[in-house]
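Read the structure below first, then the notes.
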């Protein structure tokens, strides 16, 4: 009996121990559950915090009041790009009283055109923080350029200029100069149609030079006079009569000893400048000043569509020469009536006082300069260089032409640049990569549009008339775009 009792007490002890273990396991399990829950809450808070960390507060405003939305701050992901911003703004506009079709917008942050994700701007800007948020301006996007008729030539087209008389003059490597009256009405097909009919092609001057023609320009406020410059060292001033469709050479401007590369006429039409391969920059008048004698009568041309009178031109000498450049003067432009800007293969851009015949300021580029143009709005200068870059220079500094921005997107030399005559923020470039690009100065990362219409190097572009952009190429075509 004693043994049995002992066994019972032992079983009771074992049972109590088992209960204790089970209780401990319960407590442990509850503790684990609490820990898991706590960990889950911690992770959730971290994820929520990380989500907040990847957002940025933005507010929108526009100067185009028909598209205005409330300026309340909105939290958006920092990887939002212009496409996403367009969706947000479009939704806000549709929630307002606006009833029309909502256009596509471009976006400006701190005056810079946004081309990528917001985070890229946040990471590159020292003055903007996530906490402070971004104030984003939006404006209606420029519609893409529309291709128009193409003007077919027989050889490379080196230069062109669309005048205030609505005629286009072109110069070619086959020594010819042409006058065109391009159609300005949009064709129904909106395609490039190669055109060489009598309606477009008014006149050809065969053998206008003894070597390839490198530069041409109409003379403003003249009797349909224009200038052609060639690799034959000659500068010729021509006068064209639209009524009889005849042309004669008025002046044979002599003085250069190497190939001509550039020409620019002052806005009042009284002076013009020429630049040559030897670095010489010469200033000429468009009147009788500097006339010395008449040359021999020109020979009868024997090419079709040419109507050149037989009276010989007068010989003319320059008013003065500026010889500071040490290599080819590749580009010229008149920012004002009294100042001339030049660029050269000696890596320099120079601003000249023509009245005083002296250099005012200069900028030294890291490589050869190809072309330049001055803004009709504020005289800022764009210069293209052999490193495929376009540089924006400000002449308003006291002592120099200061570099303010660099644009890079071409894959080869940029041989031509022109400001828009009607929009202070837009310019166009043409390159040896066969492409014409349209830019906004506020966006240095990428152009607004690319015109992939040429099959050869783009030698020259012209944007003299608002809404019409021309390009000349080694593919023997001049292309025209409506902008």
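In UniProt numbering, the protein residues as written are 1 to 483. The beta-carbon is built from N, C-alpha and C at its ideal position, and this holds for glycine as well.
Residue 467 carries a coil assignment under DSSP once its states are collapsed to helix, strand and coil. Going by C-alpha positions, residue 329 is about 12 Å away from residue 256. The distance from the Cβ of residue 285 to that of residue 319 is about 6 Å, consistent with a contact at the 8 Å cut-off.
Here DSSP, grouped into helix, strand and coil, assigns residue 415 to strand. In the DSSP assignment, residue 379 falls outside any alpha helix (DSSP H), carrying neither H nor E. When Cβ pairs closer than 8 Å are counted between the two stretches, the stretch 417–426 is seen not to touch the stretch 75–84, the count staying below three. In terms of Cβ geometry, residue 473 and residue 462 do not form a close pair [threshold 9 Å]. In the DSSP annotation of this structure, residue 90 is not part of any beta strand (DSSP E); the continuous alpha helix (DSSP H) holding it starts and ends at 82–94. DSSP places residue 123 in the helix class (H, G or I) of the three-state scheme. Secondary-structure assignment with DSSP links residue 282 through a beta bridge to 274, 321. Per DSSP, the continuous beta strand (DSSP E) segment holding residue 147 begins and ends at 146–152. Taking residue 327 as the centre and dropping the five residues before and after it, the same chain places the C-beta of 279, 344, 345, 346 closer than 6 Å to its C-beta, in chain order.
Taking 8 Å as the upper bound for CB-CB distance, residue 240 and residue 203 are in contact here, some 7 Å apart. Following the DSSP letters along the chain, one finds residue 480 inside the beta strand (DSSP E) bounded by residues 477–482. As far as DSSP is concerned, residue 66 takes part in no beta bridge. Within the stretch 202–237, the runs of beta strand (DSSP E) at least 3 residues long that lie entirely inside it are, in chain order, 213–218, 225–230.
In the displayed model, residue 118 falls within a helix according to three-state DSSP. Per DSSP, residue 435 lies in no beta strand (DSSP E) and is assigned neither H nor E. Note that the C-beta distance between residue 167 and residue 242 is below 9 Å.
Rounded to whole angstroms, the separation of the alpha carbons of residue 178 and residue 156 is 13 Å. Straight across, the Cα-Cα distance linking residue 401 with residue 98 is about 46 Å. In the displayed model, residue 257 falls within coil according to three-state DSSP, outside both helix and strand. By the C-beta density criterion, residue 364 is exposed, having fewer than 16 other C-beta atoms within 10 angstroms.
Residue 469 sits close to residue 438, with the two beta carbons spaced by under 9 Å.
Judged by beta-carbon spacing, residue 411 lies beyond the 9 Å limit of residue 443, meaning their Cβ atoms are not closer than that value. In the structure shown, the three-state DSSP call for residue 312 is coil. In the DSSP assignment, residue 386 falls outside any beta strand (DSSP E), carrying neither H nor E.
Contact between residue 333 and residue 374 holds, since their C-beta atoms are separated by about 5 Å, short of 8 Å.
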